[in-house]
Amino acid sequence: MSSLLNDYVKLLRLPGLGGLATPTLFGAISAGVMDIHLLGLVFLIGAFSVIFGFILNDYADVEVDRQTKDLYERPLVKGTISKKTALLICIICLVGAYLTIFLLLYGSPITEFRILAVICISISAVLGSLYDFYSKKIVGSDFLVAISEFLLVLFGALIVTQENTINVITWIIAILTFNQLLYMNAVDGGVKDADHDYKQNVKNIAAALGVKVKENMEIIIPSGFKAFGIGIRCFSGFLVFVPFLFYGYKYEIYQILLLFILIVLVMISTLRLLNLKKFDRDKIKKIISAEAYLRYSLVPIMLISVVGLLWSMILIIFPIVWYILLAPLSGEELFKPRM
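Numbering-wise, my numbering comes out as the position in the sequence shown, counting from 1, plus 1.
1) What's the C-alpha gap between G211 and I231?
2) Taking three-plus beta-carbon pairs below 8 Å as touching, is the segment 161 to 170 in contact with the segment 263 to 272?
3) Determine the direct distance from the alpha carbon of H38 to that of N276, and round the result to whole angstroms.
4) I need the DSSP call for I174, collapsed to helix, strand or coil.
5) Is the segment 98 to 117 close to the segment 57 to 66, with three or more CB pairs under 8 Å?
6) Is K85 helix, strand or coil when you go by DSSP?
7) Quick one: which unbroken alpha helix (DSSP H) runs of 4-plus residues sit fully inside the segment 151 to 239? Chain order, please.
8) On the premise that G97 lies in contact with F156, defined as a C-beta separation below 8 Å, what is that separation, rounded to the nearest angstrom?
9) Identify, in the order they occur along the chain, each residue of the same chain with its Cβ nearer than 6 Å to the Cβ of R273, setting aside the five sequence neighbours on each side.
10) Tell me the rounded alpha-carbon separation between M2 and S125.
11) So what does K279 bridge to, in DSSP terms?
12) Which whole-angstrom value describes the C-beta separation of A56 and L12, a residue pair presumed to lie in contact below a C-beta threshold of 8 Å?
13) Which value, in whole angstroms, describes the spacing of the CA atoms of N217 and S290?
14) Let me know if I102 comes out buried or exposed under the rule of 16 or more other beta-carbons within 10 Å of its beta-carbon.
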């Protein structure tokens with residue numbers, strides 16, 4: 002029974018939801034909303050969306066994943082949870098997301114922005130689903146999931162805002178989220194899975210640009226792929242400062258210093274990944290985890306200008322506390338998740 006519970010926790014990605022489900026939350030907070038009840042509902046919608054996307058991806062890739070030794074312990078791959086059950090959970094999450102939206106809007110006037118919010122999350126679900134089924138068949142499908150997450154940030158802002166416009170911070174966070182998802186899937190994922198993607202004839206950006214692993218475990222990362230990854234990071238680094246440089250948002254010196262330090266650390270992690278000579282999955286996982294959390298922390302620090310230092314610090318530590326509390330339910334060691 003305990004083993005089955007562990008598998009459901011893994012399937013639902015419960016330990017990671019504290020960070021994975023934040024795009025909708027960041028969208029709402031960037032719009033100036035700090036009502037805990039509203040933010041809780043927005044976070045729940047984000048959680049339903051994330052669970053839906055991940056499980057549908059597992060469902061779509063189960064046969065391919067069975068050919069990869071490192072993925073044998075995934076619940077659908079080893080068969081402890083059936084594909085039918087996984088599909089049922091997806092449907093429950095989809096219904097749950099729309100019911101939560103109804104609850105959030107109940108008794109409130111239906112504005113143009115709120116209609117746009119529902120449209121955004123609906124398009125997000127469609128694009129995310131297309132990615133789940135075609136991510137290994139179409140080069141560049143990573144853009145689909147990136148746009149999907151971009152729309153979730155806009156949803157978070159549109160569903161709660163009382164203004165008649167979307168502010169610059171929201172747009173910047175949405176674009177940063179797009180960049181991060183594109184980088185995570187195309188670059189991080191391309192390097193992490195380079196040892197077996199070619200065996201399965203996977204069509205992705207990494208393979209198209211020549212990333213591959215030789216029999217002696219030497220990894221080849223061409224300059225074109227490096228430029229693609231570094232370009233995404235440089236663009237994101239520039240975007241972080243746009244609200245303060247060009248739109249007059251107030252800032253603290255320590256805030257700018259922290260942003261600069263984090264960007265440098267993200268770039269160092271990126272260069273470490275893209276200059277690997279030997280394929281070492283454990284090392285790659287550690288690099289990816291570090292750079293993902295560093296990149297995540299940029300947004301709360303940007304939001305100091307909107308919510309203040311205390312709330313920013315809460316947002317930074319929230320995913321860690323969430324993970325530490327829920328990770329034991331997965332039966333895995335802390336900070337050593339399977340990816």
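In this text, a Cβ means the ideal position worked out from N, Cα and C, and glycines have one as well.
In terms of the structure at hand:
1) Going from the Cα of G211 to the Cα of I231 covers about 16 Å.
2) Result no; under three Cβ-Cβ pairs closer than 8 Å.
3) The C-alpha of H38 is placed about 45 Å away from the C-alpha of N276.
4) Note: I174 maps to helix in three-state DSSP.
5) The segment 98 to 117 is not in contact with the segment 57 to 66.
6) In the structure shown, K85 adopts helical secondary structure according to DSSP, grouped into three states.
7) Within the segment 151 to 239, the complete alpha helix (DSSP H) runs of at least 4 residues are 169 to 183, 190 to 193, 195 to 198, 206 to 209.
8) Not really, about 15 Å apart at Cβ, beyond 8 Å.
9) Excluding the 5 residues flanking it on each side, R273 has same chain C-beta neighbours closer than 6 Å at I288, in chain order.
10) Caution applies to M2, whose pLDDT of 49 falls short of 50 and renders its modelled position unreliable; the value that the coordinates give is listed next. Distance between the alpha carbons of M2 and S125 is about 35 Å.
11) Beta-bridge pairing links K279 to E219.
12) Checking the sequence shown, residue 56 turns out to be Ile, not Ala. Rounded, the Cβ-Cβ distance is 6 Å, consistent with contact.
13) Looking at the two C-alpha atoms, the distance is approximately 26 Å.
14) Buried, since its Cβ has 16 or more Cβ neighbours within 10 Å.
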